[in-house]
Every structure is written in structure tokens, then in C-alpha cells.
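Remarks on the structure that follows.
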Amino acid sequence: MRKTRLFLFTVLIISLMAFGAAVQTGPAAAQGGVTLTLLHNSDGESALLSTIYDVPAGGYFGNTEDVELAVSGVASFKTLMDAQIHEAREGGNSVLTIYAGDAFLASSVLVCSLPPLNEPIYDAVAQRQMQYNAHVFGNHEFDFGPDFLEKFIRTFAIDDQLTQPFLSANLDFSGEPGYSDLTAEGGLIDGAVKDNRPIANSLIYVDPDTGEKFGIVSATTPLLPTISSPRNVTVLDLEETIVAVQAEVDRLESMGVNKIIFSSHLQDLQNDIDLLGELTGIDIAVGGGGDEILVNPAMPVEDQLLPGEEPDIFGDYPIQAEDKDGDPVYLVTTKGNYKYLGRLDVEFDDGGVVTSIVTDASYPRRNIPDTEENAEAIAALGVTDVSAPDGGILTTVIDPVLACTSGFKTTIIAYSEVVLDVSRNPNRSRETNGGNLISDAYLNAYKKLGEISGVMTMDENPAVAVQNGGGIRQNAGEFLTGEISRQNTLDVLPFNNSVVTIENMTPELLKETLEFSVAGSLPWGGFLQVSGMHVVYDLSRPSGDRILLLTVGDGIPIVVGGAVVEDAPLVNFTTIDFTAGGGDGYEMLADQPTIILSDGHAKISDERALALYLTGSEEDFPLGDNDLPTIQADDPRYQPGGEGRIVFVTNRVFFPALAR
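In the numbering used here, the protein residues as written are 107 to 766.
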């Protein structure tokens, strides 16, 4: 509530210093108030399996040799959550558990839940077994469209009952018929989900043990239409979002709820801080989407972060933000992928005023699986806060996912003698050899399949292809030299986008599209990797007028000296359906007719196009000594940094005659 007193918080801190100990849980209840244990995480992003952290010798943990430690994983995460809930309940606390968005993400793991496989969505199977009181809609929930998200939500049903709420005050699902029986009447869930309608703007959560009421209001990033695929689900802009969230807070207060939590998925904690500064009446906030690390400054960092975690600390846990009236709002988040469970213990008086943060209980809990395979590493590091994997999750989620994905790693399709850069920032800001490979794969798909797919101008128009940098997934890191497996191609291109061609694109539209690629600040997900063309940008020029030279094919000029050449040809433009449909803000493409590339039986996905390219022709990739198609070390197309398809010049005279 806006009634929080900074004075009381200051007195508390002084008292803690004097007594040398933090306040324990429970005393607020004895004085007529309540202690809330808020448990939270976000951005699980289908990271259902454990991953390995390298822990160098000589660090915080005293290991004399380098150690490989398994961390994260949804099975041990459930055990960790259950233990924290039990501990808080034993202390007499109210408990509220929030998932702050991005529940799943395109990946080889999610492939196991995608059509044509008739399998459940394993992310939902895992999350429905955990004690979540509220979920926030993130942007990745819409990456496969509203139909897949609808299936995800319905998968939460246990004995045909949907009990876990899904919240966002700035989304409108009324344009999607599949959601008509899922949205709560009036946009509010008062207590439990009723009539299997779990989608709402806000929630009144009633703690089953203490009977205390807490209001939860949520919001999703207003950038949703440009970074995902919500189709007919609409989102309010920023100013409208502020109004909508405040209206929900006011409604909760009018119903007698005096302890209010705002949970969002705004992709950056600074966005939460800024938004909170426009609102009133919020006590606590949970952010999602930014992957920031917060730590309790009163505790050793090595007791909070995973061994091997890069200590890139954003701020204190919690951050003390301010609302519109200057009152404090306590803001938390955690790093994603089921690596941490945040826990914030907050004391309220009987008027709903935050009187203190319980400092010795408030910090991120790390997820270290207590398994036989991990025992040696755990012993070497001396960590004791470990969690055994939950048996139910192992049986219903981990075992079938492992059975599905095991074949991906052993299906070897090619070999590379060069390191292919598929990392995040380079692909969003400059030419990379990984970006070249992927855009070349689309151009190859066009050349091989365009005619049978219905392209009528194969022999008339020069052909080009592009790939947005944001679609090259950063979690794949880099292809190292060596074998390329199906797992690699799925990791790099996990979204199952269709490859499509826009036929007879005008040179003006091609210029406009490539201008938009560099219109804002770099890096960004809409930056285009290219094939079949050469483009020179000058970022010192005004946005929309940064292309100095653009040629296609064997040097056919499209733009020279910043202007479209007279009689420049039409081109056939191949990309993924996300970009062609206006994703990343490419609205100039959204109304263009597209031809879906197909082999005559099924459409070609981005990942399949890459696999077909790598395995399709010895002319492109000769067989190596291992009888695998090989990206050779001297292949000019895939040298580190690329081959000069994209060139940046700044603040100097550019001579087109010197361009390649």
C-alpha cells in the first residue's frame, strides 16, 4: 500500500545493526499483522533439464581443481519450492508463489511438445505439479501463436479442473474465439478460479492458512506484437498500460484489499522501475524477462549465487523503487531457466503497511540437483543447499523429454572446420558467418523448391534472403569446430518458422526493409543477416537514409549513393513467416503476399532448410575425410566475421566504385 513508512524501515535497519541479527519471521502476525513469504521465478524457457556450470579452481568455494557442476532443472526446482513453502508455513507465514512469464521457449526440448507430435506440453505438465498461485503472460508465450498458448493453458487441468490463474491487465483475448471459455468474468479472479476460467486482469489471493488477502495485478510488455506472434490478442501501449494497471489496483483497494503485489513481464527491470514510478498503491513488485541478478547485500554472495555463475549483479535484493507518490515499492526478480527461486519475506501491519523486510530470509535460493552424478562436485565445492529431483517430475516430464531429445544429439548431419558464430549480440548488430549460413540456407531452399512451391518468376527476378538476428538463438552459444548434429540446428533455429517468399518485391520496398534493419540502436533482434546481396550502411546518417550502396546477385545495383537506381529490378525475397508477417516491427512486409516453400509434401521450416542445405549438395559442402558434408576452413562465405556482405562506414566519403 501507499501508506508504507520509510521511517519504520530505517528504524528496523538500525535495530538490526544494534542486535547483530535480522528480524525473524512471525512477529508481524503476533502484532495483528502478517508476514508474507513471496516465492517467485520467471523465464523458465523450457530449460527443463539440468545444465553444466564450470567452476574454476581457486574461487569462493575452495576447490583446488576445476569442477563441473550440474545446476538447474525443473525436477529439483520443484523440490526446492516445496521446501521453501514448508519452511514458511512452519513459521506461520502467508505464502504466495508467482511465475513472472516466459514459461516456455522454442528449443529442442519444446520440439518434443510441438506438432506433428501428439504429446503434452511438458512445460505445463511440470508447472501444474508446482504450487503456483499466479502466472504472468510473457512474450514467449505467444511465439507459436495463440492456439499453442491455449493448449498450454488447458494442459494445466488436473481432473478436468484449471486452478492456476494466468494474469495480465493489458492484454485482450476477446479476438481469439478459443479463449472465450477461459477468461474470467469481469477480469477478476476473487479467491479461487471459477468455472475453469483462469485468465484475468488481476487476482485476489486468499492464503489458505492465515486467511489473509493479497491482490495481484500483472502486465505484459507492450512490445508484444513486434517481438512475438499474438495474432488477434491485443496489447495496450505503455500509457494505456499505466491506466489499466492503476485501475486494477484501485479496484482491489475498493474491495478492501490492502496488500498489493504487481508482477510483470517487461523484459528489463529498469522498465519496471520506470512503470512503478507512474503508479500508486503497490507494495511489492516482481519483474520478469530481464534475467537480472539481485543479491542480498547482508549475505555473502557465494551463499546466494550458483558456483560458476558470472557475478554480473544488477542490484540489491530487493531493490527499493518508488511509486508516483514517492513511497517505496520493494522490487525483486531472479535469473531464469529454473536456476533460482527468489524468496522475499515481508512484514505487514494490520493496515496493510509494509513495516519491514525480513533480511535473513530474503535472497535468491539456488537450484543445485542432489543426484548421484553430482555428488562428487557437490562434495568438492562444499555446498549443502541441494535439492533432490522430484520423482513425479522425473516420471512425467524428464524421462519422456530425454527419450525424445536423445536422438537429436546422435543424428550427425555435417561437419565444420570453422567456428560458426550464433551468439546473441553479434547476430543482432553485424554480419556473422552463422548468419550467412542460415540466410544462405533460405536462399538455397528458394532455389531448390521455389518452382514446385508456386513461384512464377524464378528465371526473371534476382533472389535474396534474410534472417532476423533475434531468431538465431543465443542459448546455442557458438558452433565449435567438429560434428554438427540435429541438436545443434534445433538449438540455433528452434522456433519452427516457415520459410516463405515474397515475389516481385519492389526495389523501394527492399530498401525500406533493409533501412529498418538499422533504423534504431544496435544490437536488436530485427537486425537482418543477408544472402544474395551486398549492403553498405552509414549509421551517422539519419534513420531511414543509411544505405549508401545495395547490390543483389552478381552486383546488380539497387541503391547507389543513397538513392534507388532507375530501372532497378524486382526481386524475390525469402525469409521466415515471422519477419514477413510484420514481426520485429517490419510492418512494411505484413501486407505482402507470401508463398510458403514446400517440398510437395510439407512446408519447409527454418531448421529444416538449414539441415537440407548442409546435406544437400557436395558443390556447397564437399565430403570430408569423415564422409560428412564439411564447411571447409577456407570457405570464403563462412570466415570469422563473414565475407563482407554487410559493411558499415561512418563519417567519411564513400565511393561506390570501391565497393565489392
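Every residue gets a Cβ at the ideal spot worked out from N, C-alpha and C, and that includes glycine. Being a predicted model, the structure only gives us computed values, none of them experimental.
query: Which residues DSSP lists as bridging K709, in chain order; result: S704
query: Segment contact, 8 Å Cβ cut-off, at least three pairs: the segment 685 to 697 with the segment 488 to 500; result: no
query: Separation of I504 from A232, as counted between CA atoms; result: 9 Å
query: Pairwise C-alpha distance: T736 and A715; result: 17 Å
query: Beta carbon of F368 nearer than 8 Å to that of V401; result: no
query: Start and end residues, beta strand (DSSP E) containing Q593; result: Where Q593 is concerned, there is no enclosing beta strand (DSSP E), although the alpha helix (DSSP H) it sits in stretches over R592 to V598.
query: Cα-Cα separation between Y469 and L450, rounded to whole angstroms; result: 7 Å
query: Buried or exposed (CB count within 10 angstroms, at least 16 for buried), A481; result: exposed
query: For T203, three-class secondary structure by DSSP; result: strand
query: L309 and V355 closer than 8 Å at C-beta; result: no
query: Chain-order list of residues whose beta-carbon lies under 8 Å from that of Y521 (same chain, five-residue window excluded); result: G588, E589, I590, G730, N732, L734, P735, T736 and I737
query: Backbone secondary structure at P424 - three-state DSSP; result: coil
query: Range of the contiguous beta strand (DSSP E) that encloses F210; result: That residue, F210, is in no beta strand (DSSP E); it is neither H nor E in DSSP.
query: Other residues of its chain near S178: CB distance less than 7 Å, five sequence neighbours each side excluded; result: A153, S156, T157, N443, Y444, K445 and N473
query: Assigned exposure category for G394 - 16 Cβ within 10 Å defines buried; result: buried
query: Beta-carbon proximity check, T461 vs G139, cutoff 8 Å; result: yes
query: N- and C-terminal bounds of the alpha helix (DSSP H) containing F191; result: Reading the sequence as shown, one finds Ile at residue 191 and not Phe. Start and end: V180 to E196.
query: Rounded C-alpha distance that separates V755 from N567; result: 29 Å
query: Three-state secondary structure assigned by DSSP to L720; result: helix
query: Whole-angstrom C-beta distance between G691 and G632, which should lie under 8 Å; result: 6 Å
query: Proximal residues to I73 (C-beta, below 6 Å), its chain only, five neighbours per side dropped; result: The structure shown does not extend to residue 73, since the chain is modelled only from 107 to 766, so the question has no answer here.
query: Cut-off 6 Å between Cβ atoms - residues of its own chain near R751, not counting five sequence neighbours on either side; result: E537, V636 and H640
query: 7 Å CB neighbourhood of G414 in its chain, flanking five on each side removed; result: Y159, D160, V161 and L175
query: Cβ neighbours of T185 in the same chain (closer than 6 Å, five flanking residues each side left out); result: S493, A494 and D496
query: Rounded Cβ spacing between Y548 and V605 (contact assumed at less than 8 Å); result: 5 Å
query: Which of helix, strand or coil DSSP assigns to D527; result: strand
query: Coil, strand or helix - T347 by DSSP; result: helix
query: Neighbour flag for Y446 against chain B, beta carbons, 8 Å; result: Although the question refers to chain B, the structure presented lacks it and comprises just one protein chain.
query: Touching by the beta-carbon criterion (3+ pairs, under 8 Å), the segment 289 to 307 and the segment 327 to 341; result: no
query: L447 versus R471 - alpha carbon distance; result: 5 Å
query: Segment limits, beta strand (DSSP E) that includes I519; result: I518 to S522
query: Inter-residue Cα distance where the pair is W630 and T619; result: 15 Å
query: Whether A212 touches F601 by CB criterion (8 Å); result: yes
query: Residue range of the alpha helix (DSSP H) that includes E453; result: Not the alpha helix (DSSP H): E453 falls in the beta strand (DSSP E), residues Y446 to F454.
query: Among N542, I348, A194 and T439, the one whose alpha carbon lies nearest that of G747; result: N542
query: Pair within 8 Å by beta-carbon distance, D603 and I682; result: Note on residue identity: the sequence assigns Asn, not Asp, to residue 603. Cβ atoms of N603 and I682: closer than 8 Å.
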